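Have a look at the structure below before the remarks.
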Amino acid sequence: MSEVSTQSLPSNAYKPLEAGETYRPVVPAEVRLPEVTRRSVGWGIFLCVVFSVASAYSGLKVGQVMEAAIPISILAIGMARVWSRRSTLVENVIITGIGGVAGSVVAGAVFTLPALYILKLDPHPVQTIFICLAGGCLGVLFLIPLRRYFVRDMHGLFPYPEATAITEVLVTGEKGGSQARLLLQSTAIAGIYDCFVTTFHVWKETVDFQFIPIVRQLNERARMALSFDAISFILGLGYVMGLRSSMILCAGGALSNLVLVPLIWMIGGHSDGVVYPAAIPISKMAATEIFRSYVRFIGVGAIATAGIFGIIKSLKIVAGAFRIALRTFHHGEDGGAERTDRDIAMRSILLGMVLGALGVAMLLGHLPVSFPAVLAGTALTLLFSFFFTSVAANAIATTARNPVSGMTMLTIIISSVVLLRFGVSGTSGMFFVMAIAGMVCTALSVSGQAITDLKVGYWLGSTPSAQERVKFLGVLAASAASALTVVMLAATFQFGESAAGDLRPVLAAPQASIMKALVEGFMSYQPVAYLLFGTGAVVALSIEMLGQPSLIFALGMYLPLELNTPALVGGFLAHFLERRSARAGGERGQAIRERGVIIASGLMAGGALGGVFGAALRLVPGYRESLIETPFYFFEPVSQSISAILFIGLCVYVWAASLKKRREK
């Protein structure tokens, strides 16, 4: 440890590299520190299991999957000081990487597996585990050939908000001093703030200003509704994203909520007829219902098309990776790459893909369907997993938002349309499609988390091949823990809605209920809303023609507007602080930039911890949001105004704390 300083990031960590410039990580390639040890692997698996069980229950109960990676990075820093030999920085990366798999595998499990129980298909526990395991392994395998493109070649061009937060937590924890105090301060403020606003009736989380007459009239007459989620996590997220990305994200949300929703209302608001795919007339819909019933499908089409453009742009990288694979078969593996740029051998990756394909085929082959249907289902699983891996990596690298539910919906729709042509329908068809959706959902969720982990390792100097190997251990642990938790809960609770004569308590499982309704409809030969998907495709094409990143815009169209607007505020804060740091120049300017990123990372870390604590409280019998309730909570003018004022106070804190001069050097 004395031979290398692990207490600061290089000055070019977040900047595009100049011609001929290289990035030298915190732990250089020539330095070897303890990395994959019994300590790092053991604690990583333990935390992965704990967070998987807790997240599975939380996700089924309230639709909120606990954020794992950021809290685990904080725990890793705390545990590093417990041992006689202090844990190294790269050991903490391994702990965070294994443990962080929990949230991604759980998302794949709770978004899809409960639908099988709602449909009374009762999968075997081995099937539930294998669906998660196969999807998670495919997500890692398909991502590895893309690592150099997303992590190394695009250095400084993607903001990586979540990876930035984790990196700052790990490095600042090593550094100590004023920087560590600043991180702890911002984390504590955000944790308390977000926990209060999301867990109890203290003040409103979402500000929509419907108590102002002109705003309310816009909503009532034109279904033009503004909304703002006033929490610290998204403020920090927008800060790390930067102004350009947050503006593009918010522009997509503006198109969806302030153009398309009012347009649909103007056309259909005077009719009492039901227009597919909605189940009620447009005239009886609120703005949020129009968004969910129509506009969100346009967003899904835009994301899928933007993903195709992303695949096309990375084809050169993928082709190069497979050329390396072919060369290794003829000449053996090239061990010349330096430690910090060495992946798992391509031969092993290809073998893993073959074994994964065989495993998927065996799972689907146990269902009462024809052999051509099994081949088609296997091909769809591999195709979607590969395709969405790039989409997920791109989305996480730019906005830290993974469009899991939208891509899973698209998987269900296309798979149903294809498999109906092979005679797959009814209950067996529903199981078949949901098994594919579960594997694909887990694959894209895990690949998004994995790219975050690999970027953290790139900044800090971990060995990619080591990170990739232990990632499979995390997938295995999380798959067993989350799938078995779903199985056990299914024996005690009902998922979705209460059934007549069943006295068991109900777990809402909101995402799985949507997936169940979708697959049930398509297996009953309902039509596909091709026009909505096609409209989204044209929007994405138009954005690409304008030379802008279409995936960020498409994500903005798909996500609720209240999640986009606070990110824009964070982007403006980052922009103006960057201008102040540029004017200050030198050491003072560098200090402003560093403090701003540390504070933003603390807001994300604290927001994640507050969400975990709030989700844990919801699991306690007797918990209710009204345990802490202010007299003004349900009086919208006061409650929303206080929320807006406190959010402005957070912005003032970020600004003032970033400009404050350090007392120690």
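Quick note on the working numbering: the sequence shown kicks off at 68 and runs consecutively.
Idealized CB from N, CA, C, for every residue including glycine.
Predicted model only: the values in this text are computed from it and were never measured.
Should residue i be labelled buried (16 or more other beta-carbon atoms within 10 Å of its own) or exposed?
{"i": "E85", "result": "exposed"}
{"i": "V193", "result": "exposed"}
{"i": "G340", "result": "exposed"}
{"i": "D520", "result": "buried"}
{"i": "K538", "result": "buried"}
{"i": "M68", "result": "Residue confidence for M68 is low, a pLDDT of 42 falling below 50, so the modelled location carries little weight and cannot support an answer."}
{"i": "Q284", "result": "exposed"}
{"i": "F451", "result": "buried"}
{"i": "Y525", "result": "buried"}
{"i": "G678", "result": "buried"}
{"i": "T494", "result": "exposed"}
{"i": "L210", "result": "buried"}
{"i": "D189", "result": "exposed"}
{"i": "S512", "result": "buried"}
{"i": "K522", "result": "buried"}
{"i": "Y625", "result": "buried"}
{"i": "K351", "result": "exposed"}
{"i": "G614", "result": "exposed"}
Alpha carbons only, please: which of the options is nearest the one belonging to residue i?
{"i": "G374", "options": "S693, R655, V606 and P101", "result": "V606"}
{"i": "T552", "options": "S75, E97 and S119", "result": "S119"}
{"i": "V554", "options": "V116, L418, V367 and L183", "result": "L183"}
{"i": "N159", "options": "I365, G145 and V274", "result": "G145"}
{"i": "Y216", "options": "L208, P95, A460 and M413", "result": "A460"}
{"i": "A407", "options": "N324, V595 and L100", "result": "For clarity, residue 407 is Thr in the given sequence; the question names Ala instead. For T407, the nearest C-alpha among the options comes from L100."}
{"i": "F680", "options": "G505, L250, G490 and F267", "result": "F267"}
{"i": "A174", "options": "T494, A510 and R488", "result": "A510"}
{"i": "S706", "options": "I463, F278 and A136", "result": "F278"}
{"i": "A576", "options": "L186, A135 and L114", "result": "L186"}
{"i": "R290", "options": "E356, T445 and T239", "result": "E356"}
{"i": "I112", "options": "R650, G167 and A723", "result": "G167"}
{"i": "V108", "options": "L543, T231, V719 and V94", "result": "L543"}
{"i": "A558", "options": "L574, S546 and A548", "result": "L574"}
{"i": "S710", "options": "S457, T265, A143 and L250", "result": "T265"}
{"i": "A169", "options": "A147, L486, F276 and L200", "result": "L200"}
Under three-state DSSP, which class holds residue i?
{"i": "Q277", "result": "coil"}
{"i": "F295", "result": "strand"}
{"i": "H268", "result": "strand"}
{"i": "E102", "result": "coil"}
{"i": "E287", "result": "helix"}
{"i": "E703", "result": "helix"}
{"i": "E696", "result": "strand"}
{"i": "F499", "result": "helix"}
{"i": "G614", "result": "coil"}
{"i": "K82", "result": "coil"}
{"i": "T155", "result": "coil"}
{"i": "T530", "result": "coil"}
{"i": "V721", "result": "helix"}
{"i": "Y90", "result": "coil"}
{"i": "S75", "result": "coil"}
{"i": "H433", "result": "coil"}
{"i": "S45", "result": "As shown, the chain starts at 68 and ends at 732. That puts residue 45 outside it, with no answer to give."}
{"i": "Y525", "result": "helix"}
{"i": "I712", "result": "helix"}
{"i": "P212", "result": "helix"}
{"i": "F118", "result": "helix"}
{"i": "Y625", "result": "helix"}
{"i": "N469", "result": "coil"}
{"i": "R488", "result": "coil"}
{"i": "R691", "result": "coil"}
{"i": "M221", "result": "coil"}
{"i": "G677", "result": "helix"}
{"i": "R414", "result": "helix"}
{"i": "P138", "result": "helix"}
{"i": "G309", "result": "coil"}
{"i": "A440", "result": "helix"}
{"i": "E405", "result": "coil"}
Name the one or two DSSP bridge partners that residue i has.
{"i": "L574", "result": "F562"}
{"i": "H191", "result": "According to DSSP, which records beta bridges pairwise, H191 is partnered with nothing at all."}
Exercise for the section: Scan the stretch 330 to 375 and note each continuous alpha helix (DSSP H) run of 4 residues or more that stays entirely inside, going in chain order. Expected result: 354 to 357
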